[in-house]
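Chains A, B and C, in that order, are what the protein sequence lines are. Residues 1 to 213 (our numbering) make up the first sequence, in order. Residues 1 to 121 (our numbering) make up the second sequence, in order. Residues 1 to 204 (our numbering) make up the third sequence, in order. Glycine residues also receive a C-beta, built at the ideal position from the N, C-alpha and C atoms.
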Amino acid sequence: MNTSQTDTTFTKEDGAILEEVMNIAFGKASSELATVVDLRILLNAPKVEFLQADDLLRWIKQDTADNDTLNMIEQNFWGKYTGSAFLAFPTSASKGLVSLFEDDDLPPMDEENPLLVKENLLEIGNILIGACVSKVAELLDDEVTFSPPRLIPRMVVDNLANEARLDPDKVAILIKTVFHIQDKDIKGFLFLVAGEESMAWLKTALQNFMAKF
Amino acid sequence: MPKKLLIVDDSPVSRAIIKKCLPEGHDFELFEAEDGQQGLEKFKEVKPDATLLDLTMPVMDGFEALEEIKKVDSGAQVIVLTADIQPKAYETVMGLGAAMVVPKPPSSESIADGLSKIGLI
Amino acid sequence: MILNQILDTIDIGLVILDKDFKVRYWNRWMAMHSGIAFQEIKGVSIFEFYPHLKNKKLLRNFKAVINLGNHYFFPQKLYGYLFPFRPESNFVKDINHMQQSCTMGPLRDDEKVIQYAYISVKDVTEAYIYETNLASALLTLLEKYVEKNDMPAEEAQSILDELLPTSGGEVMAKHSKPPKDKDTHAVIGDQLVDILSEIASGNR
């Protein structure tokens with residue numbers, strides 16, 4: 001019997017615990033984000049799936065079928081819990097996101113400036129992704145570090161499978177939530193994808209989480 | 001006589017955590033519901049001494065459930081549990097008549113504190 | 001002790017701030033490039049030495065680091081630099097300040113509570129010069145193509161849109177439009193957009 005396989009097999013119960021951990025983490029993130037960006041950012045109850053990379057891309061496409069093109073921000077994080085976060089939003093929402101920090105005292109550039117557009121999108125992505133991932137890590141007694149966020153501009157949804165360089169044989173833990181910035185009418189998706197290397201640790205961390213009560 | 005406690009939360013894990021956090025040495029009769037609508041119906045049926053209510057739920061969320069429960073019984077003791085305690089949400093649930101808000105994840109101390117504040121233990 | 005040696009000998013700047021922005025650590029790299037000794041800046045608010053850091057963007061992201069455990073990245077392309085240091089090389093004529101890529105992140109105590117924020121400072125001046133030289137060459141080349149009608153202006157613009165927002169004052173200087181402020185790379189985007197639109201409309 002292959003013990004390592006046993007260790008990383010997620011049961012339905014593990015999935016339910018992970019969903020609740022995410023739910024609490026995203027709730028805390030939403031609450032603390034308000035103190036940082038002076039915005040009410042709502043994060044829906046997250047959904048957890050265990051998928052192969054191929055299915056994952058199909059799943060993202062299925063959920064974003066209404067939008068012809070997406071902007072995506074990708075950011076990697078690593079700790080015991082290691083993976084990638086993707087913030088996806090319709091290209092049409094970019095302007096609204098860019099205007100979130102329009103009261104900034106620097107830099108003196110107009111809204112159409114590509115550098116400012118990119119920087120503001122990256123900043124909001126960085127803040128949202130960082131808040132969510134950090135809170136998950138905090139609940140599971142982990143500490144994570146982030147790589148700089150990258151903007152994948154106007155990624156065509158149909159090309160997602162060709163564009164992404166994910167290993168098709170690997171199973172990914174996929175967590176999806178819808179974020180909604182109140183008063184700005186901006187909606188998007190946040191995906192956290194963790195690979196097989198995090199599974200064994202995550203399974204133990206979830207058990208430890210429940211053991212606290 | 002055991003105190004009737006209604007736990008309304010869509011997550012079975014969350015309900016399990018709440019049950020684990022209930023103070024020992026007290027006799028509770030527990031009832032559970034998976035969403036606000038079910039919670040409201042259960043509330044009418046069992047008339048609990050206290051309700052522990054989640055806010056983010058399908059079908060009927062905690063805000064609406066709280067409002068409806070208060071319409072049924074204005075004296076109902078409802079403790080709201082949520083991870084997202086923003087001032088606006090806090091004011092809303094307190095305005096709707098919640099007894100208090102307990103942050104998620106709860107602890108034995110925070111649940112005991114809540115139940116003690118409403119005089120249940 | 002070994003850790004201290006490492007922190008003082010690595011070719012990277014390292015600053016540690018407490019929640020009140022007071023400097024708790026300032027490695028030798030920072031002392032050497034700033035001319036401010038650790039003992040001099042220790043316990044003093046960073047804003048007393050660098051008042052320009054007190055801006056909404058930095059304060060917001062500092063809060064995100066302390067409250068949320070976030071990391072924040074200060075890209076050279078937007079900021080140029082965070083700390084106004086002289087370039088290391090004596091043979092850099094057109095650049096007044098070392099170009100920097102900086103990162104800010106949380107530091108936790110034994111209880112895993114965030115107490116401090118660190119800022120790491122990396123000198124990217126050479127990469128910046130190389131990039132602007134490449135950008136300048138590309139711009140010149142594309143202009144020639146457009147002038148000879150070998151390439152539609154729109155196509156040239158789309159190439160520039162893709163690649164050039166990252167470039168700086170040197171491109172402008174070589175194309176006889178002096179930058180408004182050589183020290184503020186934040187304004188480069190404006191000037192670049194001007195040039196791009198001129199190319200697109202075939203005026204150049």
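In chain order, what residues of the same chain have a beta carbon less than 7 angstroms from the beta carbon of A:G188, not counting five sequence neighbours either side? The count along the first sequence starts at 1 and reaches residue 188 of chain A at position 188. Hits under 7 angstroms: L87, A88, F89, A93, F179.
What first and last residue would you give for the alpha helix (DSSP H) that runs through C:Y79? Position 79 of the third sequence holds residue 79 of chain C. Here the alpha helix (DSSP H) through C:Y79 covers 76-79.
Can you list the beta strand (DSSP E) stretches of 3 or more residues lying completely in the segment 44-76 of chain B, in chain order? 50-54
Does A:P148 have its Cβ less than 8 angstroms from a Cβ in chain E? Annotation note: the requested chain E is absent from the structure, which comprises protein chains A, B and C.
Cα-Cα separation, B:L6 to B:I18: Taking the first residue of the second sequence as 1, we reach residue 6 of chain B at position 6. Taking the first residue of the second sequence as 1, we reach residue 18 of chain B at position 18. So the alpha carbons of these two residues sit roughly 11 angstroms apart.
Entirely within the segment 72-150 of chain C and at least 4 residues each: give me those alpha helix (DSSP H) ranges in chain order. 76-79, 125-147
Between the C-alpha atoms of B:L96 and C:W26, what's the straight-line distance to the nearest angstrom? Sequence index remark: in the second sequence, residue 96 of chain B carries index 96 (1-based). Sequence index remark: in the third sequence, residue 26 of chain C carries index 26 (1-based). If you take the alpha carbons of B:L96 and C:W26, they lie about 52 angstroms apart.
Alpha-carbon spacing of C:N67 relative to B:V46, whole angstroms: As a position in the third sequence, residue 67 of chain C is number 67, starting the count at 1. As a position in the second sequence, residue 46 of chain B is number 46, starting the count at 1. Their Cα atoms are separated by approximately 42 angstroms.
In this structure, what does DSSP give as the bridge partners for A:S84? As a first step, residue 84 of chain A must be located in the first sequence, where it is residue number 84. According to DSSP, A:S84 bridges with A:N76, A:V193.
CB contact below 8 angstroms: B:V59 versus chain A: By one-based count along the second sequence, residue 59 of chain B stands at place 59. Cβ-Cβ to chain A under 8 angstroms: no for B:V59.
Can you tell me which of the three DSSP states B:K20 falls into? The residue given as residue 20 of chain B occupies position 20 in the second sequence. Of the three classes helix, strand and coil, the one that applies to B:K20 here is helix, per DSSP.
Can B:K88 be considered in contact with the ligand GDP, in the sense that its beta carbon sits closer than 7 angstroms to one or more heavy atoms? The model depicted lacks the ligand GDP and carries no ligand whatsoever.
For B:K104, go through chain A and note every residue whose CB falls closer than 7 angstroms to its CB, in chain order. Taking the second sequence and counting its residues from 1, one reaches residue 104 of chain B at position 104. In chain order: I24, G27.
Delimiting residues of the beta strand (DSSP E) encompassing C:G13: Looking up residue 13 of chain C in the third sequence gives position 13. Its beta strand (DSSP E) spans residues 13-18.
Residues that A:I17 contacts on chain B, provided the C-beta gap is smaller than 7 angstroms: Taking the first sequence and counting its residues from 1, the one referred to as residue 17 of chain A is at position 17. The answer, in chain order, is V13.
Straight-line Cα distance separating B:T56 from A:E49: What you label residue 49 of chain A is simply residue 49 of the first sequence in a count that begins at 1. What you label residue 56 of chain B is simply residue 56 of the second sequence in a count that begins at 1. So the alpha carbons of these two residues sit roughly 20 angstroms apart.
Between A:E49 and chain B, is the shortest Cβ-Cβ distance under 8 angstroms, so that the two count as touching? Here residue 49 of chain A is taken as the residue at index 49 of the first sequence, counted from 1. Closer than 8 angstroms: no.
Classify C:A37 as buried or exposed, calling it buried when 16 or more other Cβ atoms lie within 10 Å of its own Cβ. Mapped onto the third sequence, residue 37 of chain C falls at position 37. Label assigned to C:A37: exposed.
Using a C-beta to C-beta distance shorter than 7 angstroms, which residues of chain C count as neighbours of A:V37? Here residue 37 of chain A corresponds to residue number 37 of the first sequence, with the count starting at 1. Chain C residues near A:V37: R60.
Does the Cβ of C:H33 have 16 or more other Cβ atoms within 10 Å, making it buried, or fewer, making it exposed? If you number the third sequence from 1, residue 33 of chain C lands on position 33. Buried.
The segment 61-75 of chain C / the segment 144-151 of chain A touching (three or more Cβ pairs under 8 angstroms): yes
Endpoints, alpha helix (DSSP H) assigned at A:I41: Translated into positions along the first sequence, residue 41 of chain A becomes position 41. Not the alpha helix (DSSP H): A:I41 falls in the beta strand (DSSP E), residues 41-43.
Among the residues of its own chain, which have a CB less than 6 angstroms from the CB of B:D9, if the five just before and after it don't count? Position 9 of the second sequence, counting from 1, holds the residue named residue 9 of chain B. Closer than 6 angstroms at Cβ, skipping near neighbours: R15, D54.
Kindly indicate which residue of A:E74, A:S198, A:K212 has the alpha-carbon position closest to the one of A:F10. Residue mapping note: residue 10 of chain A aligns to position 10 of the first sequence, counting from 1. Checking every option, the nearest Cα to that of A:F10 belongs to A:S198.
So for A:Q207, helix, strand or coil by DSSP? On the first sequence, residue 207 of chain A is found 207 positions in, with the first residue counted as 1. Here A:Q207 sits in helix by DSSP.
Can you give me the C-alpha to C-alpha distance between C:V65 and A:G125, rounded to a whole angstrom? The residue given as residue 65 of chain C occupies position 65 in the third sequence. The residue given as residue 125 of chain A occupies position 125 in the first sequence. C-alpha separation (whole angstroms): 14 angstroms.
Range covered by the alpha helix (DSSP H) that runs through B:P87: Taking the second sequence and counting its residues from 1, one reaches residue 87 of chain B at position 87. Counting along the chain, the alpha helix (DSSP H) containing B:P87 begins and ends at 87-95.
Can you list, in chain order, the residues of its chain with a C-beta nearer than 6 angstroms to that of C:G13? Leave out the 5 residues immediately preceding and following it. The residue you call residue 13 of chain C lines up with position 13 of the third sequence. Excluding positions up to five away in sequence, the list reads W29, M30, V121.
Suppose you measure from the CA of A:K176 to the CA of A:N23; what does that come to, to the nearest Å? In the first sequence, the residue the question calls residue 176 of chain A occupies position 176. In the first sequence, the residue the question calls residue 23 of chain A occupies position 23. Approximately 11 angstroms, taken between the alpha carbons.
Cutoff 8 angstroms; reference A:L206; Cβ partners in own chain excluding five residues on either side: Along the first sequence, read from residue 1 onward, the residue named residue 206 of chain A stands at position 206. The answer, listed in chain order, is D14, I17, L18, V21, L140.
Can you name the residues that DSSP bridges to C:N70? Mapped onto the third sequence, residue 70 of chain C falls at position 70. Answer is none; C:N70 lacks a bridge partner.
Cβ-Cβ distance between C:E88 and C:M98 below 8 angstroms: Residue mapping note: residue 88 of chain C aligns to position 88 of the third sequence, counting from 1. Residue mapping note: residue 98 of chain C aligns to position 98 of the third sequence, counting from 1. Their beta carbons are under 8 angstroms apart, which means C:E88 touches C:M98 by this criterion.
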